[in-house]
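Trainee: With full-length UniProt numbering as the guide, the letters of the sequence shown map in order to residues 472 to 748.
Positions of the beta carbon are idealized from the N, C-alpha and C atoms, including for glycine.
Everything numeric in this text was worked out from a predicted model, so none of it was measured.
Sharing a structure here in C-alpha cells format.
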Amino acid sequence: HEENRRTEEKSNELEIIKEDLEHKNREVLLSSKYKSEFLANMSHELRTPLNSMLILSQILAENDTGNLQKKQVEYAQTIHSSGKDLLNLINDILDLAKVESGKVEVYPEQLQLNDIKAFVERQFSPVSKYKGLDFDIVIDKNAPSTIFTDDQRLKQILKNLLSNAFKFTNKGSVTLSVEPGTKETNSKMIFSVVDTGIGIAKDKQNLIFEAFSQVDGTTSRKFGGTGLGLSISRELSQLLGGYVTVESVENEGSTFSLYLPDYENNQTENASLLVAA
Ligand code: ADP
472 HEENRRTEEK SNELEIIKED LEHKNREVLL SSKYKSEFLA NMSHELRTPL
522 NSMLILSQIL AENDTGNLQK KQVEYAQTIH SSGKDLLNLI NDILDLAKVE
572 SGKVEVYPEQ LQLNDIKAFV ERQFSPVSKY KGLDFDIVID KNAPSTIFTD
622 DQRLKQILKN LLSNAFKFTN KGSVTLSVEP GTKETNSKMI FSVVDTGIGI
672 AKDKQNLIFE AFSQVDGTTS RKFGGTGLGL SISRELSQLL GGYVTVESVE
722 NEGSTFSLYL PDYENNQTEN ASLLVAA
C-alpha cells in the first residue's frame, strides 16, 4: 500500500516538473520571439536616418561645387564609408531578426541551375579579377537542371558563402561545384564553395555559425565583416529545408556545402520551430 502511495506521489511530482519545464520552454521561445521582433523594428527605424546621412555625405564627398578643401572631402568620404559599414551591419541584424522571429516568407519556384550559375558569375567575376584568383563553376553532369526553392534566399546563401571565400583567400582559387544530392543527405542538390584560403582551425569550426563570432576577433583584424553572414546562411538554409556544413584545414582552405532538397510546403512550420529552438 505504502509502495503504491509513494509511486503515485512520485508520478505527481514528475507531472508538476514536466508542466513547469513546458511553461519555461514556452517563455523562452516567446521572449526570444519578442527580442527578434524588437530588433527587426529597431533596425528599420535606424535605416531611415542613416540613408539620408549616406546620401548627403556622398554629395559632399563628390564636391561638385569645388568649394570644399581636400581635408573636408576626405572627412566626408570617411563618414560615407563608415556609414556604409553601419548599414551593412544593420541589414544583417535585420535579416537575422527576421528569420528568428519567423517573419521570412518563402516563395518557392522552379529554378533553373543555369540562371543561378549566371547570377553567381555576374556577381563574382569582378572580385576574382580584382584579387587575381581563379574562379570556376563546376557542374556535375548528373546534377539536376532545376530545383524547387526560393530564388532570393538561395542566392543570399550562395552570396554569403562566396563572399567569405573571396574575402579569406589571397592566392589560388575559389570554386563553386554543383553535385546531385543523395538520399542519405536528404538533398536534391549540393552546392559546395571550395577555397584555397586561410582555413579555419578545427576548434573554431562550430563557433563560426554563431552570431557575431569571428575567428579573428581582435580590433586590429585584417578582414571586415559583421560575423553574421554564416548565422544568417545557416538559418536560411534551414528555412528552405536544408543545411550548411564546413570542412577546413588551417592554411590550406575551406569547403562550405549547402545541402538543399526541393522545398515542401509543410517545411515552413518545422523550419521556424527549428530556428526558434
Ligand atoms: P563575417 O565574414 O562577416 O566575419 P561570417 O558569419 O560570414 O561573418 O563568418 C564568420 C567567421 O568565420 C569569419 O569572420 C571568419 O573568421 C570565418 N570564415 C568564414 N568563412 C571563411 C572562409 N571561407 N575561410 C576562412 N574563414 C572563414
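Flag this pair as touching only if the region 609 to 628 and the region 702 to 720 have three or more C-beta atom pairs under 8 Å; answer yes or no.
Mentor: The answer is yes - the region 702 to 720 touches the region 609 to 628, with three or more Cβ pairs under 8 Å.
Trainee: Can you look up glycine 724 in the DSSP assignment and give me helix, strand or coil?
Mentor: Numbered from 1 along the sequence shown, position 253 holds the residue referred to as residue 724. Here glycine 724 sits in strand by DSSP.
Trainee: Please give me, in chain order, every unbroken run of the beta strand (DSSP E) with length at least 3 that falls completely inside the region 638 to 696.
Mentor: Entirely contained in the region 638 to 696, the beta strand (DSSP E) runs reaching 3 residues are, in chain order, 644 to 651, 660 to 666.
Trainee: Are the CB atoms of leucine 582 and threonine 536 within a distance shorter than 8 Å?
Mentor: The sequence position of residue 536 within the sequence shown is 65, counting from 1. The sequence position of residue 582 within the sequence shown is 111, counting from 1. Contact: no.
Trainee: When DSSP builds the beta bridges, which residues end up paired with isoleucine 530?
Mentor: Walking along the sequence shown from the start, residue 530 turns up at place 59. Per DSSP, none; premise fails for isoleucine 530.
Trainee: Quick one: is alanine 672 buried, meaning 16 or more other Cβ sit within 10 Å of its Cβ, or exposed?
Mentor: Residue mapping note: residue 672 aligns to position 201 of the sequence shown, counting from 1. Result: exposed.
Trainee: Could you give the DSSP three-state label for leucine 731: helix, strand or coil?
Mentor: Position 260 of the sequence shown, counted from the first residue, corresponds to residue 731. Here leucine 731 sits in strand by DSSP.
Trainee: Just checking, does the region 582 to 601 make contact with the region 664 to 681 on the three C-beta pairs under 8 Å criterion?
Mentor: Contact fails: fewer than three Cβ-Cβ distances are below 8 Å.
Trainee: Under the assumption that asparagine 657 contacts proline 732 (Cβ atoms under 8 Å), give the Cβ distance between them as a whole number of angstroms.
Mentor: Numbered from its first residue, the sequence shown carries residue 657 at position 186. Numbered from its first residue, the sequence shown carries residue 732 at position 261. Confirmed, Cβ separation roughly 6 Å.
Trainee: For the beta strand (DSSP E) that glutamate 580 lies in, which residues bound it at each end?
Mentor: Reading the sequence shown from its first residue, position 109 is the one you call residue 580. Glutamate 580 -> beta strand (DSSP E) spans 579 to 583.
Trainee: To the nearest angstrom, how far is it from the Cα of serine 691 to the Cα of lysine 602?
Mentor: As a position in the sequence shown, residue 691 is number 220, starting the count at 1. As a position in the sequence shown, residue 602 is number 131, starting the count at 1. With a pLDDT of 49 at serine 691, under the threshold of 50, the predicted position of this residue should be treated as unreliable, and no value is reported.
Trainee: If distances are taken between C-alpha atoms only, which option among Lys555, Asn538, Glu484, Glu545 comes closest to threonine 519?
Mentor: By 1-based counting over the sequence shown, the position of residue 519 is 48. If we check each option's Cα against that of threonine 519, Lys555 comes out closest.
Trainee: Report back the beta-carbon spacing between alanine 532 and alanine 547 to the nearest angstrom; my notes put them in contact at under 8 Å.
Mentor: Here residue 532 refers to the residue found at position 61 when the sequence shown is read from its first residue. Here residue 547 refers to the residue found at position 76 when the sequence shown is read from its first residue. Going by Cβ atoms, the distance from alanine 532 to alanine 547 rounds to 4 Å, so yes, they are a contact pair.
Trainee: Would you mind sorting leucine 729 into buried or exposed? The rule is 16 or more other CB atoms within 10 Å of its CB.
Mentor: By 1-based counting over the sequence shown, the position of residue 729 is 258. The residue is buried, with at least 16 neighbouring Cβ atoms inside 10 Å.
Trainee: Using a Cβ-based criterion (distance less than 7 Å to any ligand heavy atom), does aspartate 674 qualify as near the ligand ADP?
Mentor: Residue numbering aside, residue 674 sits at position 203 when the sequence shown is read from its first letter. Checking every heavy atom of the ligand ADP against the Cβ of aspartate 674, none is found closer than 7 Å.
Trainee: Any heavy atom of the ligand ADP within a distance shorter than 7 Å of the CB on asparagine 641?
Mentor: Residue numbering aside, residue 641 sits at position 170 when the sequence shown is read from its first letter. No.
Trainee: By DSSP's criteria, phenylalanine 619 is part of a beta bridge. Which residues make up the other side?
Mentor: Here residue 619 refers to the residue found at position 148 of the sequence shown. The partner list for phenylalanine 619 (beta bridge, DSSP) reads Gln581.
Trainee: How would you call alanine 748, buried or exposed, if buried means at least 16 neighbouring beta carbons within 10 angstroms?
Mentor: For the purposes of this step, residue 748 is taken as the residue at position 277 of the sequence shown. The pLDDT assigned to alanine 748 is 39, lower than 50, so where the model puts this residue is not dependable; a value taken from the coordinates is nonetheless given after this. Exposed is the call here.
Trainee: With 8 Å set as the bound, which would you pick, yes or no: does the beta-carbon of serine 552 sit closer than that to a beta-carbon of chain D?
Mentor: This model lacks chain D altogether; it includes just one protein chain.
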